[in-house]
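Numbering (this note's numbering), first residue to last: 7 to 735.
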C-alpha cells in the first residue's frame, strides 16, 4: 500500500468515526472513552518497555501526520478571516471619510437636563447646609452630622473635660447647677432643661458643662418623641462619632485638651497696633492689601508675599513688662500708602488707632485669666504714653507714601471692575475709603521667586566657624542683609513649642488653652490637621484674623522644606552631591549669584553649582506656593499629555465670589440657597467686605463650585466623553 492510499484510508476511517460519534449520545461517548482508557491501561500494564516505547513512537508519528494535514487548513481559514476583516475596515474608513464629523459633538437635550439637575442638586441647600458639632464645635455639612439623643451617645464618659480645662471652665460664671459635684458619676438619663442647653447663659458662653462634659450650644437642639416629650439631641460629626463608637477620645474634644474658649469683650475689636502692643511675640510678616474694585482697604483681600518668622520681642524685658513701648511699635509694623492723595489720620484711624483704655483692659484681663501672662508686669507708664484714641505718632511719621499710581494701576491690568458699585457706600464714614490701595508691608520689601533662590544661595555662603556660630556678634549682624526689622538674637523655636502661637495671638487663645503640638494630650494631633480644625471653628475668629493664616502657612512651608531636605540627606546619592557642594567657595557662590541676578546663568558653567541648584529645586518642588512647585505641576501635565495625548480644551473657571449666595452663606450670612432673598445679600460693597474678611469661606466656595462643575458637567458629558482633566489654582 502506497503512502497516499494509507492517508486516504485514514481520512475515510476518521470520517466513519466522526459519523459514528455523531449518532451517539454523550453518555455512550463517555462510556466508550472509559472502555478505551481501560484497554489502554491493560495493554500498558502487560507490555514490555520496548513495546511501550514503540507504541509511544507510533502515537507521535500519527500526531505529527494529523497536524500536517490540519495546519494548512487552519492557516487558510485564518488568512480568509484576515482578508474579510481588512475589506470590512476599508469599507468603514471609506464611509467615514465621505461624512463630515462635527466636533465637539453637541450634547443632546436629555444630557443637558440631567447634568443641570445634578449641578443644581450639588449646589442646593440640601447638599451645602452647614451644622455645628456639639463635641468639637466645627462647621461641617449637615449631611455629615449624626443627630442622636444626649442619653444615647456611645462611650459618653470619654467626653469628660480634661482636669486642666475643667478647672478653668468651673471658674467661669456658669449657671447654677451646670457642674456636677461628682465627676465620676454620669447619669445617662439626665433630663436637661431647654433654658440651660439651648438658650445662652447670663455670661453668653458658647458651651454648656454638664457633669464635667462640655457640649457646644449651637450643636444642641430639642426634638419631641412619640409621647410628645422634649429630649435634647446632639449633632455629632463623623470624626467624633467614629472615635466614640470605637471607645476612643475624640481628637478635637475638650477631653483631649482642645478648647480655646470664648473671646471676652476686653479682647474684641482690637486694632492691629493694639494687638502688637499686647502680644508676647512679634512675627515678621508681610501682608499686602490687594486692590479691589472699590479701592478700599476694608474690601481688599489679603495675600502672602514674603516670610513670616517668629521672633521674641525685647528679650531683656519681654519676661517682665507689657505693653510694648510705643517708639518700638514702628520696628515691627510698617505702613506703606500708595495713592495720588496723602491720607489724613481719620482715614487710617479705623485700622491703626490705639486706645490706652482698651490696651490696659486687655492686659489686665490676660494677666488674670491667661497663664502665659501671669508673670507679666503691666507697665503703667507705657500705657500713659499711649494715645487715647488716635494713630500713634511713630506710625504716622514713619509711614512711606508712594504716588506711583500708574505702577499701582498695573496690578489691575486685565481686570474687569464691577459695573454696579454703590457709590453711597463708598462715602460711608464707617469704612476706609482710600482712593487707590492700602498696602500693609511689615518687611517693607517685595520678594520674588528669583529673590528667594538668590537668598537661599546667599545663606549657603561659606563662613568661618567664628562667624557661623557667633550669631550675636556685631560684625555678623552687619554682614547679614536678610533681617530688616529689629528682633531678638535668635528666632523663636517653632517645633513643639505650644506657647508660640498663643503668645503671638492672645486674642485667639484668650485663656492660654488649646495649644498646637501639645505633647500632654492623650490623642496626638498633627499640626496641619489642627490648623484645619482652628480654621473651621464655629465663630470664624481664626480665619477673620489679619495674619494668623499667613503665619501658620509659612510655618508649614518651612517644615515641608526641612522635612524633604532631611529625606534627601538620607539618600545614598547625596554623599556625592555633598562633597561637590562642600568644595564650593564663597567666590564661586558669589559669581553664581551675580549671574543669576543678571539672568545670564548657564548650567554648563559649574557642576557644583548645578548640584546645589538641583537639590534646591527638588526641595522647593514640595513647598506649597513656590515657583518650583508650579514647575512640578507642569511636569505632571507633560506626563499626562505623553500618556493620553494633547488636551482638546483649555478652560478658565473664574467664579464671581462677591455675587454668589453660596460664598456668602459659607461666610456666615443667613441665607436659604434654594430661596435667595436679594435684600439679605446686601449691596455689592457689603458683599465685598464679607468676602474679603472670610478667605476660608471663599476658598471653600471655590472648591465646592469647581468640584461640582467637574463632576456634574464635565464628567456628565456636556462637552462629550471626557478621558481625563487636569486643573490647578
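Here a beta-carbon is modelled for each residue, glycine too, at the ideal position from N, C-alpha and C.
Treat the numbers as computed from the prediction; the structure is a model and nothing was measured.
Whole-angstrom distance between residue j and residue i, CA atom to CA atom
i: residue 368; j: residue 617; result: 53 Å
i: residue 564; j: residue 629; result: 8 Å
i: residue 743; j: residue 523; result: Residue 743 is absent from the model: the chain starts at 7 and stops at 735.
i: residue 517; j: residue 377; result: 7 Å
i: residue 521; j: residue 539; result: 12 Å
i: residue 19; j: residue 71; result: 15 Å
i: residue 179; j: residue 353; result: Caution applies to residue 179, whose pLDDT of 45 falls short of 50 and renders its modelled position unreliable; the value that the coordinates give is listed next. Taking the straight line from one Cα to the other gives about 40 Å.
i: residue 735; j: residue 210; result: 41 Å
i: residue 722; j: residue 697; result: 30 Å
i: residue 740; j: residue 379; result: What is shown of the chain runs 7 to 735, which leaves residue 740 out entirely.
i: residue 445; j: residue 130; result: Here the model assigns residue 445 a pLDDT of 29, short of 50, so the residue's position is not dependable, and the following value carries that caveat. Using only the alpha carbons, I get a separation of about 38 Å.
i: residue 240; j: residue 363; result: 41 Å
i: residue 64; j: residue 89; result: 38 Å
i: residue 712; j: residue 655; result: 16 Å
i: residue 45; j: residue 36; result: 14 Å
i: residue 213; j: residue 145; result: 15 Å
i: residue 8; j: residue 17; result: 14 Å
i: residue 163; j: residue 254; result: 10 Å
i: residue 59; j: residue 22; result: 29 Å
i: residue 85; j: residue 69; result: 24 Å
i: residue 613; j: residue 573; result: 22 Å
i: residue 118; j: residue 560; result: 44 Å
i: residue 66; j: residue 97; result: 46 Å
Closest Cα partner of residue i within the set the options
i: residue 350; options: 330, 397, 386; result: 397
i: residue 221; options: 279, 138, 284; result: 138
i: residue 399; options: 382, 352, 361, 332; result: 332
i: residue 360; options: 601, 554, 402; result: 402
i: residue 586; options: 280, 554, 546, 621; result: 621
i: residue 283; options: 640, 266, 550, 512; result: 512
i: residue 404; options: 370, 391, 341; result: 341
i: residue 256; options: 287, 395, 159; result: 159
i: residue 635; options: 593, 566, 227, 387; result: 566
i: residue 652; options: 577, 703, 729; result: 729
i: residue 740; options: 568, 649, 647, 132; result: The requested residue 740 does not occur in the structure, where the chain is confined to residues 7 to 735.
i: residue 541; options: 9, 530, 558; result: 558
i: residue 275; options: 593, 356, 86, 675; result: 356
i: residue 237; options: 156, 658, 218, 136; result: 156
i: residue 171; options: 700, 375, 91; result: 375
i: residue 140; options: 219, 225, 527; result: 225
Three-state secondary structure (DSSP) of residue i
i: residue 296; result: A caution first: residue 296 carries a pLDDT of 37, below 50, which makes its placement in the model unreliable, though a value can still be read off. Here residue 296 sits in coil by DSSP.
i: residue 137; result: strand
i: residue 220; result: strand
i: residue 527; result: coil
i: residue 275; result: coil
i: residue 236; result: strand
i: residue 538; result: helix
i: residue 288; result: strand
i: residue 114; result: coil
i: residue 268; result: coil
i: residue 44; result: helix
i: residue 636; result: helix
i: residue 730; result: coil
i: residue 510; result: helix
i: residue 15; result: helix
i: residue 229; result: strand
i: residue 384; result: strand
i: residue 327; result: strand
i: residue 468; result: Confidence is the limiting factor: at residue 468 the pLDDT is only 38, short of 50, which leaves the residue's position unreliable and the question unanswerable from this model.
i: residue 715; result: helix
i: residue 594; result: helix
i: residue 571; result: helix
Bridge partner(s) assigned by DSSP for residue i
i: residue 215; result: 220
i: residue 242; result: 152
i: residue 147; result: 136
i: residue 396; result: 360
i: residue 166; result: 219
i: residue 543; result: 144
heavy atom of the ligand ZN below 7 Å from residue i C-beta
i: residue 591; result: The ligand ZN is not part of the structure shown, which contains no ligands of any sort.
Open item on the list: Closer than 8 Å is the cut-off here; do at least three beta carbon pairs connect the region 147 to 166 with the region 246 to 259?
Closed with: yes
TODO: For the region 248 to 262 and the region 164 to 178, state whether three or more C-beta atom pairs, one from each stretch, are separated by less than 8 Å.
DONE: yes
Open item on the list: Assess contact between the region 630 to 645 and the region 664 to 683, defined as three or more Cβ pairs (one per stretch) separated by less than 8 Å. Is contact present?
Closed with: no
Task: At least three beta-carbon pairs within less than 8 Å, the region 703 to 722 to the region 113 to 126 - done: yes
Task: Cβ contact (3+ pairs, closer than 8 Å) linking the region 677 to 696 and the region 650 to 665 - done: yes
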